[in-house]
Amino acid sequence: MTANTSIWPNSRNCAVLITVNLDAESVDLHEAKRENLYGRYSYGRYGMRAGASRLLDVFRAHAINATFFVPALDAENNRAVIDSILEDGHEVGARGYAYEDHSRLGPLQRATLEHAHTVLTKITGAKPVGWRAPFGLLSTETFQHLADLGYRYDSSFQDDDYPYVVDCGGGRQLVELPTFEALTDATFYNARHSHSRVLKVWKEEFDAMYSAGHCVNVTLHPRGDYGSGRAIRARVVDEFITYMARHPGVYFTTGRELASWWAGEHPQSEPVGANLVPFDAALARG
Amino acid sequence: MQGKYRWPDGVRCVVTLTVDFDGPSHETGRRLTPLGVNSHGRYSGRRGVYRYLDLFEKHDVPGTFYVPGYDAECYPAVVKEITRRGFEVGAHGYLHESWDVGEQEEELLRKSHQILTDLTGIAPLGWRSPSGRKSGRTVQVLKDLGCIYDSSDKDYDLPYVVRVDGKPVEGMMELPSSAFSLDDHPFYKFSMTPPSEVLAHWQQEFETLYHENGYFMLMVHPRSGWGSGTPARARVMEEMIRFIKQHEGVQFFSVAGLAKWCLHNRQHFD
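Line by line, the protein sequences are chains U and B. Just so you know, the first sequence maps onto residues 1 to 286 in my numbering. Just so you know, the second sequence maps onto residues 1001 to 1270 in my numbering.
1. If we ignore side chains and look at the alpha-carbon of each, how far apart do S1131/B and P1186/B end up?
2. Using Cβ-Cβ distances below 9 Å, what residues of the segment 1086-1113 of chain B are close to chain U?
3. Mind listing, in chain order, the continuous beta strand (DSSP E) runs of no fewer than 3 residues lying wholly within the segment 1021-1085 of chain B?
4. Identify every run of the beta strand (DSSP E) within the segment 1204-1252 of chain B, keeping only runs that are complete inside it and at least 3 residues long; order them along the chain.
5. For F1243/B, collect the residues of the same chain with a Cβ closer than 6 Å to its Cβ; drop the 5 residues on either side in sequence, then sort them by chain order.
6. Just by C-beta distance, which residues in the segment 209-222 of chain U are closer than 8 Å to chain B?
7. To the nearest angstrom, how far is the alpha carbon of A98/U from that of L37/U?
8. If we cut at 8 Å on Cβ distances, does G1225/B have a partner in chain U?
9. In whole angstroms, give me the CA-to-CA distance for L73/U and A116/U.
10. With 8 Å as the threshold, decide whether the Cβ of R197/U is near any Cβ in chain B.
11. Would you call H1264/B buried or exposed, if buried means 16 or more other Cβ atoms sit within 10 Å of its Cβ?
12. Check the Cβ of R1235/B against every Cβ in chain U and list those closer than 7 Å, keeping chain order.
13. Name the two residues that bound the continuous beta strand (DSSP E) containing G93/U.
14. Measuring straight from C-alpha to C-alpha, what distance separates K122/U and I82/U?
15. Helix, strand or coil for I85/U per DSSP?
16. What residues from chain U crowd round Y1052/B, counting only those whose CB sits closer than 9 Å?
17. With a threshold of 8 Å between beta-carbons, can F69/U be considered close to chain B, or not?
18. Can you confirm whether the segment 1095-1105 of chain B touches the segment 1043-1056 of chain B when touching is taken to mean that 3 or more C-beta pairs between the two stretches lie within less than 8 Å?
19. Mind pulling the chain B residues with CB within less than 9 Å of G125/U?
20. At which residues does the alpha helix (DSSP H) containing N217/U begin and terminate?
21. Select from L1182/B, F1206/B and R1235/B the residue whose C-alpha is nearest the C-alpha of D207/U.
22. Could you spell out where the alpha helix (DSSP H) holding M48/U opens and where it closes?
23. So E87/U and T254/U are supposed to be a Cβ contact under 8 Å. How far apart are they, rounded?
24. Does the distance from the C-beta atom of D1155/B to that of L1142/B stay below 8 Å?
25. Flag G1010/B as yes if its beta-carbon sits less than 8 Å from any beta-carbon of chain U, otherwise no.
26. Where does S1181/B land, buried or exposed, given buried means 16+ other C-beta within 10 angstroms?
27. How big is the Cα-Cα spacing for E1088/B and G169/U?
28. Listed from N- to C-terminal order along the chain, which residues in the segment 259-281 of chain U have their beta-carbon within a distance smaller than 8 Å of any beta-carbon of chain B?
29. Rounded to whole angstroms, how far is the Cβ of H214/U from the Cβ of D159/U, which I believe are closer than 8 Å?
30. Taking the Cβ atom as the reference point for each residue, do R1051/B and G1229/B lie within a distance shorter than 8 Å?
31. When you compare each of L276/U, A284/U and A282/U to L140/U by their alpha carbons, which one comes out closest?
32. Would you kindly report the start and end of the unbroken alpha helix (DSSP H) that includes V198/U?
33. Below 8 Å, can you find three or more Cβ-Cβ pairs linking the segment 1163-1177 of chain B to the segment 1246-1260 of chain B?
34. For V27/U, write down the residues that DSSP places opposite it in a beta bridge.
35. Can you name the start and end residues of the beta strand (DSSP E) that Q173/U belongs to?
36. Between the alpha carbons of S11/U and D1071/B, how many angstroms are there, rounded?
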């Protein structure tokens, strides 16, 4: 865990992933009908009209590539935004079709994942290899379906300092790129905390993760409510990236690049959903 | 110097550092699947507990780990490691019960006690209620199981002899805690306080308790998310240990160790 025994490529100290959950109307449609996507239900649209391009400007200024996870429905309705993300060389990953809770889809889960996959592939011209669960909710079957569909990684968990490899059975593997809610904008802005508090916490969390040589996975949203699309919040992102980039040996990478490198370096894997004993079975046991 | 309270000779203030494992039991006990956004508890078993074992060893201080039985079943090697490295394991419910356990209470207490005893080879001497839930019957079951203390109540500044219906339960101490101020959860779950400010807050708590020759019990969770398993928050614990050690006449105890000392000096804690 010490920085002088780097586990990162070329002896770098710390890997930084900037990820963006491009959640727009698909989220608001859980609360309101399409004809009512106005007023309080228009924060998602803000992300597509204003927020996304602001974040793209920040990433361009720092010459870094980010990973955008996009519900396929939002990609369908905002093709120009997707085009500008791809033009700048960023990665596009999948995030459900209409922002579904994949842990409760039951027999519909496979068809939903396939549909979103097909739509996103058609829009971006390439098969997505990364996935992040809408609401952060998924099941062990999700991993198996994703592996079947050719995905290389998931980034939905909050359980480790480093990526790890999950065995989905039949020789299929996925890499998990764990996230951290203290490095997620929505955690703070949903609870109405100030942007200055966000920057303070992010710097402190980063300092310690950097010293330990961990994988720093930052999660942003371009939305106008709990996201970082507004001007002052995009500036927080800008300052945070500047701060991280000042540290020697920090390298910015994408989900696709990191998952591929990690899988090559770490042949050992663990079973998907190890130790999962549900409530009633646990109480009944022994 | 004669303080407000009685401690071992030369001791002005006693300190206990406690770590509530709170792994996947926390989510499973709420009928959630501990995957994705609900996977914070897995961090305890994968990283957090080891980080605290290393930290306590580095600074040569005792620590007490409260472990739900279900988490011990999920991460047996981790729980054995706590014992192997000489730290206390206390019980902390089975599924971190967040519901009213009613008639199930005794069975659940016995179940976790057995799991931890079988796994570590040592019967737990203490218990901390999960989610702060406890009944008037709990202490008698704990005593029957051979425990010498409970660390669940929030009703005093000092350890005290447990009483049920006004009568002392001999051989049973209460070592109270505060889940509002000397706990990481409120800061990282609700107020999203920067770790440096949590450190300042706990330092102020310690200073005032030290000033009145008190008892300082800190409670953290080795989880990700609202816990202190991750590096910046573990660093707060490390800085706290350094800060406390700068004070004269401080003694660190495991909770069982302090309970034993109090039981031997029960006249000061009745």
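No residue lacks a Cβ here, since even glycine has one placed at the ideal position from N, Cα and C.
This is what the structure holds:
1. Note on geometry: alpha-carbon atoms of S1131/B and P1186/B lie some 13 Å from one another.
2. Correct list: Y1094, L1095, Q1104, L1108 and K1111.
3. List check, beta strand (DSSP E) in window: 1064-1067.
4. Secondary structure within the segment 1204-1252 of chain B: the beta strand (DSSP E) runs of 3 or more consecutive residues, fully enclosed, are 1215-1220 (chain order).
5. Q1203.
6. So the close ones are M209, S211, A212 and H214.
7. A straight line joining the alpha-carbon of A98/U with that of L37/U spans about 15 Å.
8. It does; some Cβ of chain U falls within 8 Å.
9. Answer to the nearest angstrom: the Cα atoms are 8 Å apart.
10. True, the Cβ-Cβ gap to chain B drops below 8 Å.
11. Label assigned to H1264/B: exposed.
12. The answer, in chain order, is A208.
13. E91 to A94 is the span of the beta strand (DSSP E), which, as asked, contains G93/U.
14. About 12 Å.
15. Per DSSP, reduced to three states, the secondary structure at I85/U is helical.
16. None at all; the shortest Cβ gap to chain U is about 14 Å.
17. For F69/U, the answer is no, since every Cβ of chain B falls outside 8 Å of its Cβ.
18. No: fewer than three Cβ pairs fall under 8 Å.
19. In chain order: nothing, as chain B lies at least about 29 Å away.
20. Taken as a continuous stretch (DSSP letters only), N217/U belongs to no alpha helix (DSSP H), being part of the beta strand (DSSP E) at C215 to L220.
21. Looking from the CA of D207/U, the closest CA among L1182/B, F1206/B and R1235/B belongs to R1235/B.
22. For M48/U, no alpha helix (DSSP H) segment is defined, and its DSSP state is neither H nor E.
23. Contact between E87/U and T254/U is absent: CB atoms are separated by about 15 Å, not below the 8 Å threshold.
24. Here D1155/B is not near L1142/B, since their CB atoms are 8 Å or more apart.
25. Not one beta carbon of chain U lies nearer than 8 Å to the beta carbon of G1010/B.
26. By the neighbour-count definition (other C-beta atoms within 10 Å, threshold 16), S1181/B is an exposed residue.
27. So the alpha carbons of these two residues sit roughly 38 Å apart.
28. Those residues of the segment 259-281 of chain U that come within reach of chain B (Cβ to Cβ, closer than 8 Å) are G273, N275, L276, V277, P278 and F279.
29. That belief does not hold up - the Cβ atoms of H214/U and D159/U are roughly 13 Å apart, past 8 Å.
30. Taking 8 Å as the Cβ cut-off, R1051/B and G1229/B qualify as a contacting pair.
31. According to the sequence provided, residue 140/U is Thr. The question's Leu does not apply to it. Among L276/U, A284/U and A282/U, the Cα nearest to that of T140/U belongs to L276/U.
32. If you look at V198/U, you'll find it in the alpha helix (DSSP H) that goes H195 to A212.
33. Taking 8 Å as the limit for Cβ pairs, the verdict is that the segment 1246-1260 of chain B does touch the segment 1163-1177 of chain B.
34. Paired residue(s): none; V27/U is not in a bridge.
35. Start and end: Q173 to E176.
36. The straight-line gap separating the alpha-carbon atoms of S11/U and D1071/B is approximately 36 Å.
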